[in-house]
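J.: So the sequence shown is numbered by my numbering: it starts at 10 and just counts up by one. Built from N, CA and C at the ideal position, the CB exists for glycine as well.
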Amino acid sequence: MSAAEKDRAGGAPVVLLLSGPNLGLLGARQPEIYGTATLADHVARADRAAARSGLELKHLQSEHEADLVAAVHDARGTVAAIVVNAGALSHSSWALHDALAAFDGIVVELHLSNPDAREPWRRRSVLAPVADGTVAGFGGLGYELAVEAAARLVTDRNRGLPGA
Ligand code: CA2
10 MSAAEKDRAG GAPVVLLLSG PNLGLLGARQ PEIYGTATLA DHVARADRAA
60 ARSGLELKHL QSEHEADLVA AVHDARGTVA AIVVNAGALS HSSWALHDAL
110 AAFDGIVVEL HLSNPDAREP WRRRSVLAPV ADGTVAGFGG LGYELAVEAA
160 ARLVTDRNRG LPGA
């Protein structure tokens, strides 16, 4: 059953939040860059935003690129949107790029910090070309904004609105 069919059948559309390497360290190290909230705090915030938007949130964090790629494969046909903070893999993972390119739903790239204001190597995201859009630089608020943007795009796409 496709994500759109599941929606029509009455189940809440699913948004999959993917968290890449080192994001489990949030809150414990480098608070001047990433804040003091833990990944669990951010996931809880995303979960509340999803519930408000009528979505069901699922979350996976992994240190391993292959796990994230496999999760994107598994999401095909069952997940309406992916919100992805791939950590440093955002700047290097063509495997994740290709997996997301083959995903049939909405993709929102997410960063706590603003990579454009940091080291030059962080200024290129290899995921941005296959994302519908990017939320960056808003700290934990970004988790809400990214889920809300994904929900709006899912709704528009299911209604067949232009630009969706
Ligand atoms: O700003 C973001 O959300 C990033 O995706 C975070 C990544 C970084 O590589 C990206 O350029 C931007 C880093 C993930 C978290 O790494 C930590 C390392 C030490 C302590 C806490 C977090």
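(1) Smallest Cα separation from G36: which of D50, L77 and V23?
(2) Bridge partners of H120, per DSSP?
(3) Are V117 and V88 touching if we call contact CB-CB under 9 angstroms?
(4) What does the Cβ neighbour count give for G20, buried or exposed, with the cut at 16 atoms within 10 Å?
(5) Going by beta carbon distance, what residues of the same chain come within less than 6 angstroms of S99, once the five residues before and after it are set aside?
(6) Examine the Cβ distances between the segment 22-35 and the segment 72-82 and report whether three or more of them are shorter than 8 angstroms.
(7) Reducing DSSP to helix, strand and coil, say where S71 ends up.
(8) Excluding sequence positions up to five away, which residues of its chain have a Cβ less than 6 angstroms from the Cβ of Y43?
(9) Leaving out five residues before and five after A158 in sequence, what residues of the same chain have Cβ atoms less than 7 angstroms from its Cβ?
(10) By DSSP, does A37 sit in helix, in strand, or in coil?
(11) Figure out for me which residue from G114, G146, A140 and G169 has the closest Cα to the Cα of D83.
(12) Roughly how many angstroms lie between the CA atoms of H106 and A140, to the nearest whole one?
(13) Nearest CA to the CA of L162: which residue from A97, N123, N94 and G63?
T.: Quick look at the numbers:
(1) D50
(2) A145
(3) no
(4) exposed
(5) S134 and L136
(6) yes
(7) coil
(8) L35 and L121
(9) V117, G142 and V144
(10) coil
(11) G114
(12) 9 angstroms
(13) G63
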